[in-house]
Each structure stands twice: as structure tokens, then as C-alpha cells.
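Asker: Supplied in C-alpha cells, the structure appears directly below.
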Amino acid sequence: RKTEKALTYIKNHYHEQISLKDVADHVGLSQSHFSAVFHQFIGINFSQYIQILRIDEAIHMLQGSNRKIIDIALETGFSNIRSFNRVFRNLTGSSPSSFIKNNHAKILHIPTKYNIGDDFNVENDSFVVIENLHPIIDK
């Protein structure tokens, strides 16, 4: 199934500068068709999904780590610290440094209605959960 193939590709490449076109080409669909199918299947758009995956991984890396925030931002696919900080705050409600300082043990939760479907089991993957998935999901 193309959606499962796309999700596997995204999971393996989200830390890179991945684009909608890259994934659409990988599964053999036009960008517009892939975008529509992706949104219908996942419940959020491609960019939002990539941001969630990246912040999820960043949270894993930040917890119990002395690594620099900029290093984590770049390793999780953000091109600069400013966009990382903005997305992190939008999804978690706090800045990365505040998150570390307050030792948040929050876990990210992707609401059930944004589940990626029965044919691609996320429960066995290492998603952290966004307790307060801020404005990105509310739109």
C-alpha cells in the first residue's frame, strides 16, 4: 500500500531535509494527489506530521542529556535553531531550554483521530506523546 510505503519512507528520512515532493516521487504519485491522500489518511498535513516526528525525537534526545540544543535541532532535521525553537514551543507549550530546566517528563500524544491507520501500527514505534498538542492540531 502506498500510504504505508510513504510512512516508512518518512520515518526513515524525517531527520533529513525531506519534502512532500520527495515522498510523492518515492510512492509514484503527484504532489497534489499525495498531499490530499496523506491528509485524509493521517488527519494533518505533511509538514505538520514531519514537525511532530522531529519534535518527538528531540524530546527523546533532550531527556536526561547534556547535549546542546542546537545539535539536537540539526540532528532532528531542522535547518536552524530558530525554527526548532518555534516548532518546539508550538507543540509542547515551552521552549527547549525551559523543557530541560523544568525537567518535564511530558510525553507527546498524537490524538487518536490523527492515528495513521490500522495497516501501519504506531503503537510499536517509539512515539513520545504530546500531552498538549498546541495550535498545530487545533487548526
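Numbered per my numbering, the sequence shown spans residues 38 to 176.
For glycine and all other residues, C-beta sits at the position ideal for the given N, C-alpha and C.
Since the structure is predicted, the reported quantities are computational estimates derived from the model, not experimental observations.
#1: Which class does H70 belong to by DSSP, given the choice of helix, strand or coil?
#2: With a threshold of 7 Å on Cβ separation, who are the neighbours of S51 within its own chain once the five nearest residues in sequence on each side are excluded?
#3: Excluding sequence positions up to five away, which residues of its chain have a Cβ less than 6 Å from the Cβ of I106?
#4: Let me confirm a value: E94 is counted as buried when at least 16 other C-beta atoms fall within 10 Å, else exposed. Which label applies?
#5: Would F78 and T40 qualify as a contact pair, given that the criterion is a beta-carbon distance under 8 Å?
#6: Should A61 go down as buried or exposed, given a rule of 16 or more other Cβ atoms within 10 Å for buried?
#7: Ends of the alpha helix (DSSP H) at E41?
#8: Could you tell me the alpha carbon to alpha carbon distance between E53 and D59, rounded to whole angstroms?
#9: Would you please verify whether the beta carbon of T113 is less than 8 Å from any beta carbon of chain D?
#10: Would N49 be called buried (16 or more neighbouring beta carbons within 10 Å of its own) or exposed?
#11: List the whole-angstrom C-beta distance separating S67 from L57, where the pair is believed to meet the contact cut-off of C-beta under 8 Å.
#12: Go to E94, then tell me how far its alpha helix (DSSP H) extends in each direction, as first and last residue.
Answerer: Checking against the coordinates, here is how it stands:
#1: The residue given as residue 70 occupies position 33 in the sequence shown. In this structure, H70 counts as helix in the three-state DSSP scheme.
#2: Reading the sequence shown from its first residue, position 14 is the one you call residue 51. The residue you asked about is not Ser; residue 51 is Tyr in the sequence shown. Result list for Y51: I87, L90, R91, G114, in chain order.
#3: Taking the sequence shown and counting its residues from 1, one reaches residue 106 at position 69. Cβ neighbours of I106 beyond the five flanking positions: P133.
#4: Locating residue 94 in the sequence shown gives position 57, counting from the first residue. It is buried - the Cβ of E94 has at least 16 other Cβ atoms within 10 Å.
#5: In the sequence shown, residue 78 corresponds to position 41, counting from 1. In the sequence shown, residue 40 corresponds to position 3, counting from 1. The answer is yes: Cβ separation under 8 Å.
#6: As a working note, residue 61 is residue 24 in the sequence shown. A61 is buried by the Cβ-count criterion.
#7: For the purposes of this step, residue 41 is taken as residue 4 along the sequence shown, with counting starting at 1. Looking at the DSSP string, the run of the alpha helix (DSSP H) that includes E41 is 39–50.
#8: Sequence index remark: in the sequence shown, residue 53 carries index 16 (1-based). Sequence index remark: in the sequence shown, residue 59 carries index 22 (1-based). It is roughly 11 Å from the alpha-carbon of E53 to the alpha-carbon of D59.
#9: In the structure shown, chain D cannot be found, because there is only a single protein chain.
#10: Within the sequence shown, residue 49 is the residue found at index 12, counting from 1. N49 should be labelled exposed.
#11: The count along the sequence shown starts at 1 and reaches residue 67 at position 30. The count along the sequence shown starts at 1 and reaches residue 57 at position 20. About 10 Å separates the two Cβ atoms, so there is no contact after all.
#12: The sequence position of residue 94 within the sequence shown is 57, counting from 1. 83–99 is the extent of the alpha helix (DSSP H) around E94.
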